[in-house]
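Q:
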Amino acid sequence: MRNILYNTFLFLIIFVLNGCKSSETGSFDQAAKVAVSWEVVSNFAAPPDVFEAKFYLKNNGNLTLGDSSWALFFNMAPRPLLPYSTPQPAQLEHINGDWYKMTPNKGFHLAPGDSVTVSYKGTEGIVKETDAPLGLYFVFYDKEGKESQIVQLAPCTVVPFTKKEQLLRGPNDQDPILTHEYQYKENLGVSPVNADQLLKVIPSPVKVTAGKGTFTLTSAASIHYQNGLESEAKLLAQRLKELTGNEFAVKNAAPAANTISLQTGKIAVNGINKEAYHLTIDDKGVSIIGSDAAGVFYGTQSLAALIPTKAFVQKSTSVGLDYVQIEDAPRFHFRSMQLDVSRNFQDKETILRLLDVLAFYKLNHFLLYTTEDEGWRLEIDGLPELTQVGAQRQHISSYKNAALHPGYGSGPVAYDKGKHGSGFYSKADFIEILKYATARHIKIIPEVNLPGHAHAAIKAMEARYERLMKDGKEKEANEYRLIDPNDQSVYLSAQGYKDNVVDVTRESTYHFYEKVTDEIIKMYKEAGLTLDLFHIGGDEVANGAWTKSPLAQELLKKDPSIGNAYNLHPYFIRRLLPSLKKRNLQVHGWEEVSMIKDKDGALKVNPEFAGKNVIPYVWNNVFDPDMGYKIANAGYPVVLCNVTNFYFDLAYNNDPKEPGLYWAGFVDTRDNYTFAPYDMFKTTYTTAMGKPMVFDKVERLKPEARKNIMGVECQLWSETVKGRDMMEYYTLPKLMGFAESAWSAERPWENISDKATREKVIQTGWNVFVNTLAQKELPRLSYLNGGYNYRVPLPGTLVENGTLKANSSFPGLTIRYTTDGSEPSEKSTEYKNPINVTGTVKLKSFDAAGKGSRTVSIK
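Here it is as structure tokens:
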């Protein structure tokens, strides 16, 4: 993944240049014993959305902190700070991105054993523990103001969120507070179903015909494959061994009795002849015929899905497979997941595990988001600074330095153990990922995000510029420079950055983009592939960018047709497209690549790039609910990425302990499952603050534009995602709901106009779906690839007159409880009926594999 010695040496150089002594020993070691707690006091501090919060500093060491020569640095969910009405012992300052610091005011004094409270205010309410300050560390300064020592602190303690003004985002928050009692009442909408009512496969096939009888699958049933299907056969054998424990022989041979046969043929289902398959299990064995190799592969995934839960919970030498005939093909050819590995890094092995589960649920594209403000994660030949500088975060003396500052709790030391701010994929890593995905019929879409979200690239190229200028190589230094050094523009990006937009007037910017693109194309060639899809990002250029750039202003005067500074964004796309077209690349990007501002400053669809192989991905269906349809109606092929349905990084609910973001509301598995692509107003229910949405003045999708809905994509942005376990928790089981929306044929409820009738039909289907998740899908995930860290929902509880009732949102899970204060386990008493209890009761939900939920504690 990286040359450890080289990067350690590089960090030591940067550390020395920053003027810091070792953070392990020094005069201020005792500062490590300062304990920090944090509390959200109220999200109702002032209308409409001002919050008040407090830092509590307790000095458990023997070092006195005075009113100078130190600062406390940390990361925190970026929110604009507001003046506090009364003087405070210390003040908070936003530096850049989510990087903040606290500095003492005159008179500050924290003696050993003492405590200090620092209050502050900001905008946008806070309701999650994952919003708490992270990666805290002191920096101490000498008499000349130079940094003399860094001291890291233990993670800060979060004071529990218990009151209404802490649990709601402000007076405009209309989402109900998620109590255990509320969850219990919500769970009454689902009920257990018999095993024969469960879905045979998720995502649901087009047609399933049950037969009468059972085929006994043993290791004697070898896998016979047709020429060209060896990879699919070997992967099936691997999967069957994983689930059953049996070895299956793989042979290039004709179909035969009592075998698993893999073939291609002329197959079309629902008029679709790509990725289609027929799967038959009868007294002759198993037959999978696909329209192509991908269809065969998806047939093998459905075969694995048909293996009964008990077979892999209690492995045996034989598995009974019910006779069945399945005819299946995908609704959308483009079924994708996006993963951001820039804000918090995920290692190669984690990516491979994710690709396996994406393939199992029949996704066929993967947008690997390797460039962002917070990190550049892909090795590029000829531009070593992209990973030497752009792939690691550490403390720096100024955010203007040519290096990356800490982000999302990565702390002051690059590659610090247990942190996720530093890391990258070598060329070899990336080529391995490409090959692994291709074998599973997943196309990886690389991303290089410009003109905004480019902080890491900018800093890396500034480091390159400084290095070459010191060597007197001015021409070479400017070859890939990305900024106008005289730009004085003031702006703040959506993630709090002041310096993340490239200069679109410089030829070096386009030269940089072409260089990176060409190196990525080479990696695809080394993997035996041809790169044909490329994601340019192109989103969230902050208002104010380029407004005080001499070079940009000169261009606007020279070419008044551009109109205004914002429209330098479409100017950049216009300049970039020819070079990408020359490389035979279909250009994917966020919705902004198809937008422009008119003379009055209103944002509208830009017709310029329609029909030019530009594919916008549209996430915004809550602030501009009809944007996706406006763009599709204008002639663009569109990928729908609706934030209300497909953003996996949005928390499952508003429980403070449930991790995730919520700027656009909350997204659970039902939201992923409930999506009508051609009339998404039917399945968009509330605003970001829980207010019911009304769609009486929206542009609807024209019948002739249906063909422009190219497909769907789910997103996992990683601001709050720390490591593999959290990534899998955020993804599963949401992925199953998304897969149902991406693959399965149009659901009957999508065409029901009456809301009450529609919701009743949706709920009937959802009830079967969640029973299937609880009884089949979740337990299987414990056995795939050694087990995934999926989320098991908490039980709902209700106490009435001393009687405790409990239920589950996923019927089929087992609820267990204790009354002695211990944590419930698989061996704890099973809840079956209401019980009379006193004192404290702890409950957890468990699936058949023994995977448990978080604990519910009832007093």
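The letter at position 818 of the sequence shown is residue 820 when you use the numbering used here, and the numbering goes up by one with no holes.
Just so it is clear, CB atoms sit at the ideal spot from N, CA and C, and this is done for glycine as well.
As the structure is a computational prediction, the values presented were derived from the model and not from experiment.
1) Tell me the residue span of the alpha helix (DSSP H) that contains G301.
2) Consult DSSP for G739 and reduce its assignment to one of helix, strand or coil.
3) Can you check DSSP and say which residues form a bridge with K846?
4) Quick one: is M339 buried, meaning 16 or more other Cβ sit within 10 Å of its Cβ, or exposed?
5) Anyone know if the C-beta pair for G127 and F53 falls short of 7 Å?
6) Mind reading off the beta-carbon distance from A55 to Y122? Whole number of angstroms is fine, and I expect it under 8 Å.
7) Measure the C-alpha to C-alpha separation of Q777 and D849 and round it to an integer number of angstroms.
8) Take Q151 as the anchor and find which of K736, E832, P414 and G767 has the nearest alpha-carbon.
9) Terminal residues of the continuous alpha helix (DSSP H) containing M597?
10) Between which two residues does the alpha helix (DSSP H) containing E464 stretch?
11) To which residues of the same chain is P661 closer than 6 Å at the C-beta, ignoring the five residues directly before and after it?
12) Chain C beta carbons: is any one of them nearer than 7 Å to that of A113?
13) Just to confirm my understanding: we take N61, look at its own chain, exclude 5 residues before and 5 after, and list those with CB closer than 6 Å. What are they?
14) Nearest to F574 by CA position, among P552, D541 and K550, is which residue?
15) In terms of DSSP beta bridges, what is A73 paired with?
16) On the three-state DSSP scale, how would you describe D31?
17) Where does T831 sit, in a helix, a strand or coil, going by DSSP?
18) Would you please state the rounded distance, in angstroms, between the beta carbons of G789 and P194? I believe it to be under 8 Å.
19) Please give the ranges of any beta strand (DSSP E) in the region 300-349, keeping only runs that are unbroken, at least 3 residues long and fully inside the region.
20) For W72 and A92, what's the separation of their Cα atoms in angstroms?
21) Taking contact to mean 3 or more Cβ pairs, one atom from each stretch, closer than 8 Å, check whether the region 383-400 and the region 431-446 are in contact.
22) Leaving out five residues on either side along the sequence, give the residues of the same chain with a beta carbon under 6 Å from the beta carbon of K844.
23) Starting from W719 and walking both ways along the beta strand (DSSP E), at which residues does that stretch end?
24) Would you call M471 buried or exposed, if buried means 16 or more other Cβ atoms sit within 10 Å of its Cβ?
25) Kindly confirm or deny that the region 296-303 and the region 317-324 touch, where touching means at least three C-beta pairs closer than 8 Å.
26) Where do the N-terminal and C-terminal ends of the alpha helix (DSSP H) with W592 fall, by residue?
27) Counting only the same chain and skipping the five closest in sequence on each side, list residues whose C-beta sits under 6 Å from that of E516.
28) Could you check whether the region 418-433 touches the region 490-510, counting it as contact only if at least three pairs of C-beta atoms, one from each stretch, sit closer than 8 Å?
29) Compute the distance between the beta-carbons of Y680 and E742, then report whether it is under 7 Å.
30) Who are the Cβ neighbours of S25 in its own chain at under 8 Å, not counting the five residues just before and after it?
31) Report the CB separation of L169 from V129 in whole angstroms; it is logged as a contact under 8 Å.
32) With a cut-off of 8 Å, do at least 3 Cβ pairs link the region 275-283 to the region 173-192?
33) Below 7 Å between beta carbons: does that hold for L775 and V714?
34) I need the boundaries of the beta strand (DSSP E) containing Y279, first residue and last residue.
35) May I have the straight-line CA-CA distance separating A456 from N545, to the nearest angstrom?
36) At what residue ranges does the region 80-153 contain a whole run of the beta strand (DSSP E), taking only runs of 3 or more?
A: So, from the listed chains and residues:
1) Note, G301: alpha helix (DSSP H), A295 to A307.
2) In this structure, G739 counts as helix in the three-state DSSP scheme.
3) DSSP, once it has assigned bridges, lists R818 as partnering K846.
4) The residue in question, M339, is buried, as its Cβ has 16 or more Cβ neighbours within 10 Å.
5) Yes, the pair counts as a contact, with Cβ atoms nearer than the cut-off.
6) Yes, they are in contact, since the Cβ atoms of A55 and Y122 sit about 6 Å apart, within 8 Å.
7) Q777 and D849: Cα-Cα distance of roughly 7 Å.
8) Looking at K736, E832, P414 and G767, the one whose alpha-carbon comes closest to that of Q151 is P414.
9) Not the alpha helix (DSSP H): M597 falls in the beta strand (DSSP E), residues M597 to K599.
10) Element bounds for E464: H457 to K472.
11) Closer than 6 Å at Cβ, skipping near neighbours: T132 and T722.
12) Going by chain labels, chain C is absent from the structure shown, which holds only one protein chain.
13) For N61, where only same-chain residues beyond five positions count, the Cβ hits under 6 Å are V36, L112, P114 and D116.
14) Of P552, D541 and K550, the smallest CA-CA separation from F574 is found for D541.
15) Bridge partners of A73 according to DSSP: V141.
16) When DSSP states are grouped into helix, strand and coil, D31 belongs to the helix group.
17) Of the three classes helix, strand and coil, the one that applies to T831 here is strand, per DSSP.
18) Not quite, the Cβ-Cβ distance comes to about 25 Å (not below 8 Å), so this is no contact.
19) Scanning the region 300-349 for uninterrupted beta strand (DSSP E) segments of 3 residues or longer gives 320-330 and 336-342, listed from N- to C-terminal end.
20) Distance between the alpha carbons of W72 and A92 is about 11 Å.
21) The answer is no - the region 431-446 does not touch the region 383-400, with fewer than three Cβ pairs under 8 Å.
22) Taken in chain order, the residues that qualify are T820, P826, T857 and S859.
23) Careful: W719 lies outside any beta strand (DSSP E) and carries neither H nor E.
24) M471 should be labelled exposed.
25) Fewer than three pairs of CB atoms, one per stretch, sit closer than 8 Å, so the region 296-303 makes no contact with the region 317-324.
26) Here W592 belongs to no alpha helix (DSSP H); instead the beta strand (DSSP E) covers Q588 to W592.
27) Once the five neighbours on either side are set aside, the close Cβ partners of E516 are S581.
28) The region 418-433 is not in contact with the region 490-510.
29) Their beta carbons are not under 7 Å apart, which means Y680 does not touch E742 by this criterion.
30) Residue placement at S25 is poorly supported in this model, since its pLDDT is 46, which falls under 50; the coordinates are not used for a value here.
31) The Cβ separation is near 6 Å, so the contact holds.
32) Short answer: they don't touch.
33) Cβ atoms of L775 and V714: not closer than 7 Å.
34) Per DSSP, Y279 belongs to the beta strand (DSSP E) from Y279 to D284.
35) The C-alpha of A456 lies about 15 Å from the C-alpha of N545.
36) Segments of the beta strand (DSSP E) lying fully in the region 80-153: 92-98, 101-106, 117-125 and 136-143.
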